[in-house]
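In the working numbering, the protein residues as written are 23 to 699.
We put the beta carbon where it would ideally sit given N, CA and C, even for glycine.
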Amino acid sequence: MSPIDDHHAAHGGDGGLLGPPTGPELGTPDGFGRFRPYLQGSIYWTPGTGAHEVHGAILATWAGMGWERGALGYPLSDETATPDGIGRFNRFQNGSIYWTAATGAFEVRGAIHALWASLGFERSDLGYPLSNEETTPDRHSQHTRFQGGDIWWDAHRGAYEVLTRPAFGVPDPALGGAWEVAPFTAGISGLHAALLPTGARGSVWFLSYLDETGHGHHDPQPSHAGESRVLDLDTRTASTPTYDGPHGHLPNLFCGGHAFLPDGRLLMVGGDRELQDRLKMLHTFTPGGPGGGHWQDVDRMAEGRWYSTAVTLPDGRVLIVAGERRVFDPALGPNPNLSYEIFDPRTDTVGPRTPAPFEGFGGSVTYPFVFVLPGDRVLVHGGTHTVFLDLGSATFEPAHLEATARPDRNSRTYGVEGTAVLLPLLPDASPPYRAKVLALGGGGPQPVGMRTPATASAEILDLGVPSPAWAPAAEMHAARVMPDAVLLPDRTVLVMSGSSRGFADNGANPVWESEIYDPETDTWTRMDHTSVPRLYHATALLLPDGTVMTSGTDATWNPEVIPVSELRLEIFRPPYLFRGDRPKIGSAPDAVGYGTTVEVGTPDAAAITTVALMRNGSCTHSFDPDQRHVGLEIVSRSADGLTLRTPPDGAVAPPGWYMLFLLRDGIPSEAEFVLVG
């Protein structure tokens, strides 16, 4: 008797599970083992594995993979019932095959098997496998589909799970708002997005790298060309802007910074990440005209800047902060740019490079959080470190602040990417226009990987107290890295999108739940759930009708769970749009100055409770330094109009285009564009 015969006898012999033999015992083709076929299956044996039977659907799957010469190798167990009593499985040298009547038989192996095992096998949220391990067309990744999601693996990221979007209930829109996928697109993925004051209802400017392969994963890197579109929100059609510069085409400005100039143009800083000349580029974009706008190459910075932040100063110039020079040193890698430069829109030229104390930012000099504060100061935050630039003296203040201590503390700036907003600046605050900054989300503690849980934490810096310090705020309902945050005209903040795990371009678990923060009560309220996954390179903007548009998420720089660049746009209607009739603006000035009064016509003058100037946003990489909420004082009312006091200066409301909203008990009108300053 051989070990195979002994095993057959132990399983009931000819009258047992496998039935009688249908052939002799033979050596396997690889020369290591032996096997014998039976009516209902086979028994395989090697000196290292022992003898084990394989039968039924599991045998068929193993055979389809090439038997013992396939990826799984020899069996290490007989077919066994799963602990939940639903399925059956065989273990093999390099994985397992699982079967249920509902799913069929599929193999799980390697790093994917190891992760599934660590999660609890079929008892985890993933459930049973629905496919064998598959290789993506570009052969960069492998993945296995399960009942509750997928497990992916690539050499760079290792194995990570991505759960299927749950079936969410539909909330009362008056409490949770409503998301819907727009019936139109711009034709490119909105990796950079900005609101333009053109068209009857405004337009949205989008920028991306040129995707020559049809919006999918590609290798090598994208070309050095870029592409942009302008989407008219009234006609819902997109146009391609014109370009004037030395390249013959719009260069790749992707991953640059941008800010609106006082005259409505958008300044684009740097871009690309490989070519030094293009890292030093400065372009302006002028809205309107053929193609929706025009690109103009205007000047060069002293050094390259990749992932820098740009903000409009009180006098209309633009502060360009930090980023990377992308000058490689074999020992140090890319060099951080510990400096700032200032662009002057009157001459379209940039000033000299000025050193800045950004060493405390550590490796987080990319896309720092930058806010112009009342009193001619600028807050710059990178990593966990905050510094202040005094614009009057052009020097940095000696006081530096550190973010709140918390168990999972890490940088909220790129690439452990959270976000931040300057909370509404209100004339009736004490002191008036009291500045508070809300920072939220991002990755968990170092070392951060694909499966590191994101943080739900938030913190506030109140700059209206004698000794400002970052302090904890209420936690979000959902932990998220790569969120977008949008200021709403009712003085709240909408937060959406991102991944529940990972960091920057290494997050793959979409957060579907959106939520609204109320600074007055320090509370978060759950909102409706999105349908479109928004991960790395997503953007979000407040629109003149009071809705919020999300866009972006590309294929090249996200894990391959995103197989193509996301072209769909999704629109959120906040709860205030379901709470009754909206007030109306009958007339409004096209432009306003500082420290004066203006007349706004409205048939709802007696009912208006608050007025908001919302600066047109321009967003990329989970941060929008352009957006701003400035409240206006209601000086007096008439039967058909309001007298409003404008902001005192450019430190409260930097010059440029804003949306004017009138609100009745939190319900906003549709906005009128107003040029401030």
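Nearest CA to the CA of residue i: which residue from the options?
i: Ala661; options: Leu682, Thr624, Gly405; result: Thr624
i: Pro690; options: Arg167, Pro605, Gly270; result: Pro605
i: Val394; options: Asp646, Thr68, Ser658; result: Asp646
i: Pro596; options: Pro532, Val517, Pro541, Arg590; result: Val517
i: His499; options: Phe525, Arg473, Ser536, Pro532; result: Ser536
i: Gly55; options: Pro46, Pro42, Asp626, Gly72; result: Gly72
i: Gly314; options: Gly292, His269, Ser225; result: Ser225
i: Ala416; options: His407, Tyr362, Gly326; result: Tyr362
i: Leu413; options: Val392, Pro336, Pro358, Pro446; result: Pro336
i: Tyr539; options: Gly663, Asp512, Val620; result: Asp512
i: Gly568; options: Gly41, Ser261, Phe594; result: Phe594
i: Phe383; options: Leu401, Ser211, Ser433, Ala427; result: Ser433
i: Pro541; options: Asp484, Pro566, Gly672, Gly397; result: Asp484
i: Leu185; options: Ser163, Ala31, Ala103, Phe168; result: Phe168
i: Ala675; options: Asp648, Gln164, Leu664; result: Asp648
i: Thr306; options: Trp227, Leu232, Pro188, Val192; result: Trp227
i: Thr180; options: Arg347, Asn528, Gly279, Glu325; result: Note that residue 180 is Gly in the sequence shown, not Thr. Among Arg347, Asn528, Gly279, Glu325, the Cα nearest to that of Gly180 belongs to Asn528.
i: Gly524; options: Met571, Gln468, Leu697; result: Gln468
i: Lys458; options: Val487, Ala478, Ala476, Gly465; result: Val487
i: Val515; options: Ala526, Thr543, Ser522; result: Thr543
Could you give the distance in angstroms between the alpha-carbon of residue i and the alpha-carbon of residue j?
i: Ala629; j: Leu666; result: 15 Å
i: Leu83; j: Ile119; result: Going by the sequence as given, residue 83 is Thr instead of Leu. Approximately 8 Å between the Cα atoms of the pair.
i: Asn274; j: Ser330; result: 15 Å
i: Glu155; j: Thr561; result: 33 Å
i: Thr618; j: Arg368; result: 25 Å
i: Gly6; j: Phe111; result: Look at the range of the chain in this structure, 23 to 699, and you will see that residue 6 is not part of it.
i: Asp430; j: Thr406; result: 12 Å
i: Ser245; j: Val586; result: 17 Å
i: Thr748; j: Leu213; result: Because the chain in this structure spans residues 23 to 699, residue 748 falls outside the shown range and cannot be described.
i: Ala133; j: Glu144; result: 16 Å
i: Phe418; j: Gly248; result: 36 Å
i: Ala451; j: Thr376; result: 35 Å
i: Ala577; j: Ala610; result: 43 Å
i: Pro581; j: Asp550; result: 26 Å
i: Leu272; j: Tyr436; result: 26 Å
i: Arg502; j: Glu381; result: 27 Å
i: Gly608; j: Val622; result: 7 Å
i: Glu101; j: Glu75; result: 7 Å
i: Leu557; j: Leu635; result: 29 Å
i: Val400; j: Ile342; result: 12 Å
i: Asp321; j: Phe410; result: 27 Å
i: Ser489; j: Ala421; result: 10 Å
i: Pro453; j: Leu460; result: 18 Å
i: Gly463; j: Val533; result: 12 Å
My assumption, with CB atoms under 8 Å, is that residue i sits in contact with residue j. Please give the rounded CB distance.
i: Gly63; j: Leu81; result: 5 Å
i: Ser640; j: Ala281; result: 7 Å
i: Arg590; j: Thr207; result: 6 Å
i: Thr259; j: Pro312; result: Rounded, the Cβ-Cβ distance is 13 Å, inconsistent with contact.
i: Ala344; j: Asn359; result: 6 Å
i: Leu423; j: Thr408; result: 4 Å
i: Leu564; j: Val508; result: 5 Å
i: Gly292; j: Trp328; result: 6 Å
By the DSSP assignment, the beta strand (DSSP E) with residue i in it spans what residues?
i: Thr561; result: 560-564
i: Leu197; result: Not the beta strand (DSSP E): Leu197 falls in the alpha helix (DSSP H), residues 195-198.
i: Tyr436; result: Note, Tyr436: premise wrong, no beta strand (DSSP E); not H, not E.
i: Ala675; result: Segment: none, Ala675 is in no beta strand (DSSP E) and carries neither H nor E.
i: Arg637; result: 632-637
Just reading off the alpha helix (DSSP H) that residue i is part of, what are its end residues?
i: Thr104; result: Note, Thr104: premise wrong, no alpha helix (DSSP H); not H, not E.
i: Asp412; result: Note, Asp412: premise wrong, no alpha helix (DSSP H); beta strand (DSSP E) at 407-412.
i: Gly86; result: 78-86
i: Arg300; result: 298-301
i: His29; result: 25-32
Within the stretch 108-168, ranges of the beta strand (DSSP E) (whole runs, at least 3 residues): Listed in chain order, the complete beta strand (DSSP E) runs (minimum 3 residues) inside the stretch 108-168 are 110-114, 117-122, 126-131, 163-168.
3-residue-minimum beta strand (DSSP E) runs that sit fully inside the stretch 450-493, ordered along the chain: Within the stretch 450-493, the beta strand (DSSP E) runs of at least 3 residues that lie entirely inside it are, in chain order, 458-462, 480-484.
Ordered list of beta strand (DSSP E) runs contained in the stretch 306-337, each at least 3 residues: If you keep only unbroken beta strand (DSSP E) runs of at least 3 residues inside the stretch 306-337, you get 315-322, 331-334.
Complete runs of the beta strand (DSSP E) confined to the stretch 344-429 [at least 3 residues]: Within the stretch 344-429, the complete beta strand (DSSP E) runs of at least 3 residues are 346-351, 355-358, 361-366, 391-395, 399-404, 407-412.
Length-filtered (4 minimum) alpha helix (DSSP H) runs lying within the stretch 245-296: Scanning the stretch 245-296 from its first residue to its last, no whole alpha helix (DSSP H) run of 4-plus residues comes out.
Residue ranges of each alpha helix (DSSP H) within the stretch 564-611, 4 or longer: Taking only runs of at least 4 residues, no alpha helix (DSSP H) segment lies wholly in the stretch 564-611.
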